[in-house]
Amino acid sequence: MSRRSAYAVVVAAVVDAFTEKSDRFALTFVHHGTFGYVAGEPSAYTQPLYGWFLIPVYWIFGRSWESVGLVQIAVAAVTAVLVFEIGRRFLSVPVAVVAALLATLNPYVVWHDVHVNREILDQLLAAAIVLVTLVAAERRSWRLAVLDGLLCGLAILGNTRLAFLPVVVAAYLVWRMRAAGPAVAILALAFVTLLPWLIRNEVQVGCLTLTTDARALWKANNPHTYGVLASGRWIDAVPPLPGAPPSPEQAANTGRTAGVDECAQEDLYQHQVVEFWKHHPGEKAKLAGQAVRMLWDPRATETTTNPGAGTRLDSLRKWAEGAYMSVLYALAIAGLFFVPRTFLVLALAFFAYNTLAAAVFAGTTRYRVPFDFLVAILAASALGRLAERRA
């Protein structure tokens, strides 16, 4: 019901106020058959999964707040079912229902699930990976390990920050199953899932890569980043690299796309990041600490570039999320002592991975939210134990 209420309130602003590259790629594909910014010029300047998700939505239903909002509500409902199934493996059915509700009623999730928001798929896939991993370990199943690899590959196509998540899942299965075969299957299937996209980029764009948008990594790793984030802005406000050519997105916005070399730009910005890490380790350490704080801050990350920034809506988003997650964090800490070790190890491994990814790139609420269902399950376990003691 909460999602339907949010859906009714946001109306046409759903699509127009929250847009990203995937939205533009999907529109270009629907109208011109090209996955990129401009017709006839394929691009790898994005993580493709969410764009692929939007293509059939726009093609069948059109680009509208109704189509995006309702389809993503359906995705959120599937995620809630997966969270319930995870919880049901070691919690009572009522407590598993509570876990699913805690995960899906998160104020940040309720708001963003009805906006153009690629993390909706990150959350779905993360929940699916956790469920399949737990079942694969319990049943010692090779087939489920193969499915796990496929899901990990899809997760990477949705978010390159998850590029090494298959290693975490594989290591967990080695620990649980005392066999290397399923772990190898996960790594192999994850790579096979990525291969068509990698080959497409080699053939159509010119380089074997997951994404040519190394500029995003550079924006999170340069001498200006800390000050920009500390001032309440996002990394998009980082000053451009002196002498750098226009990004594919900037070139497309001006209509001057001739001569844009995505692969050369990828090399340029990757080199700049490595040089920053090499010559400014102290600054990088500060950035890593800042990123971890921003990732785990219970309040929704507030930046001056948010739609509605500085308004009551922005304050409501920030403090409603802060109050909700503060309670959930406290309950989850207690829940650490009540869940089986097999689930605890996997949950902590996912938290550690996400924290490390934030330290390398950047931290913000939307990067934490895909894993908040694990916090919800831990919190529900604490509530379940409290209910048992009072019974």
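Under the numbering used here, the first residue of the sequence shown carries the number 2, and numbering increases by one thereafter. Where a beta carbon is used, it is the ideal one built from N, C-alpha and C, also for glycine.
Taking the beta carbon of residue i as the centre, do at least 16 other beta carbons fall within 10 Å, making it buried, or is it exposed?
i	result
SER382	buried
ASP237	exposed
VAL261	buried
LYS279	exposed
PRO308	Since pLDDT at PRO308 reaches only 49, below the 50 mark, its modelled position is unreliable, and no value is offered.
LEU145	buried
VAL82	exposed
ALA252	buried
PHE1	Because the chain is modelled from 2 through 392, residue 1 falls outside the range shown and cannot be assessed.
THR305	For THR305, the pLDDT reaches just 48, beneath the cut-off of 50, and the residue's location in the model is therefore unreliable, leaving the point undetermined.
ALA100	buried
LEU196	exposed
ARG25	buried
ALA353	exposed
GLU389	exposed
PRO49	buried
ALA286	exposed
ALA392	exposed
VAL169	buried
PHE54	buried
ARG397	Because residue 397 is not part of the residues shown, which for the chain are 2 to 392, the question remains open.
PHE374	buried
Comparing C-alpha positions only, which one of the options sits nearest to residue i?
i	options	result
ALA292	GLY182, VAL110, LEU230	LEU230
GLY290	GLY364, GLU263, PHE30	GLY364
GLY207	ARG90, SER44, VAL39	SER44
ILE130	PRO167, VAL111, ALA101	PRO167
ILE74	LEU209, VAL96, GLU120, GLY88	GLU120
GLU276	TRP219, LEU158, PRO49, TYR354	TRP219
LEU242	ALA78, PRO224, LEU92	PRO224
ALA217	GLN273, ALA100, VAL170, GLU389	GLN273
GLU139	ILE87, ARG25, ALA335	ILE87
LEU387	THR255, LEU332, PHE374	LEU332
GLN205	GLY41, VAL98, ALA78, ALA301	GLY41
TRP235	ALA245, PRO247, ASN222, GLY244	ASN222
ALA301	PRO49, TRP112, PHE54, GLY34	TRP112
VAL96	ARG391, TYR325, VAL117, LEU384	LEU384
ARG294	ASN355, ALA164, TRP60	ASN355
GLY323	TYR109, VAL58, VAL169	TYR109
PHE192	MET178, LEU209, ALA180	LEU209
ARG257	ILE187, GLU263, PRO247	PRO247
GLY336	ALA392, ALA380, PHE372	ALA380
THR80	ASN107, TYR59, SER327, LEU92	ASN107
VAL340	GLN266, VAL84, LEU92	LEU92
LEU349	CYS264, ALA186, TYR59, PHE372	PHE372
PHE344	ARG90, ILE334, GLY244, TRP60	ARG90
ALA245	GLU263, THR255, ASN202, GLY233	GLU263
ARG179	ARG141, ILE200, VAL94	ARG141
ALA181	LEU158, TRP143, GLY233, ARG201	TRP143
THR212	VAL94, ARG318, GLN266, GLY34	GLN266
What is the C-beta distance between residue i and residue j, in whole angstroms, given that I count them as a contact (C-beta under 8 Å)?
i	j	result
ALA104	ALA360	25 Å between Cβ atoms; not a contact.
PHE62	GLY52	With 8 Å as the limit, PHE62 and GLY52 do not qualify as a contact, their Cβ atoms being about 16 Å apart.
ASP268	THR47	With 8 Å as the limit, ASP268 and THR47 do not qualify as a contact, their Cβ atoms being about 18 Å apart.
ASP149	ALA137	6 Å
VAL31	ILE56	6 Å
TRP320	ARG369	Incorrect: roughly 17 Å between the Cβ atoms, too far for contact.
GLY228	THR194	That belief does not hold up - the Cβ atoms of GLY228 and THR194 are roughly 39 Å apart, past 8 Å.
LEU347	LEU135	7 Å
LEU190	VAL147	5 Å
PRO299	TYR330	6 Å
THR226	LEU288	6 Å
ALA127	ALA156	7 Å
ARG64	LEU28	6 Å
VAL76	LEU125	6 Å
ARG162	PHE362	6 Å
VAL58	VAL72	5 Å
LEU174	ILE187	7 Å
Taking 7 Å as the cut-off, is the CB of residue i close to at least one heavy atom of the ligand SAH?
i	result
SER382	For the ligand SAH, the structure offers nothing, since it holds no ligand at all.
Worksheet item: At what residue ranges does the segment 18-55 contain a whole run of the alpha helix (DSSP H), taking only runs of 4 or more?
Response: 22-33
Practice prompt. At 4 residues or longer, and completely inside the segment 239-296: list those alpha helix (DSSP H) runs for me, N to C.
Written response: 249-255, 263-280
Practice prompt. Could you tell me which uninterrupted alpha helix (DSSP H) segments, each at least 4 residues in length, are contained entirely in the segment 346-373, listed from first to last along the chain?
Written response: Complete alpha helix (DSSP H) runs here, min 4: 366-369.
Fill in: Every unbroken alpha helix (DSSP H) within the segment 119-197, with a cutoff of 4 residues, ordered by chain
The segment 119-197 contains these whole alpha helix (DSSP H) runs: 120-140, 143-159, 166-178.
Discussion item. For a minimum of 4 consecutive residues, which ranges assigned as the alpha helix (DSSP H) are wholly contained in the segment 63-122?
Written reply: Listed in chain order, the complete alpha helix (DSSP H) runs (minimum 4 residues) inside the segment 63-122 are 66-89, 94-105, 108-113.
Discussion item. Quick check for students: name the residue ranges of the alpha helix (DSSP H) that lie wholly in the segment 196-236, counting only runs of 4 or more.
Written reply: 215-220, 226-231
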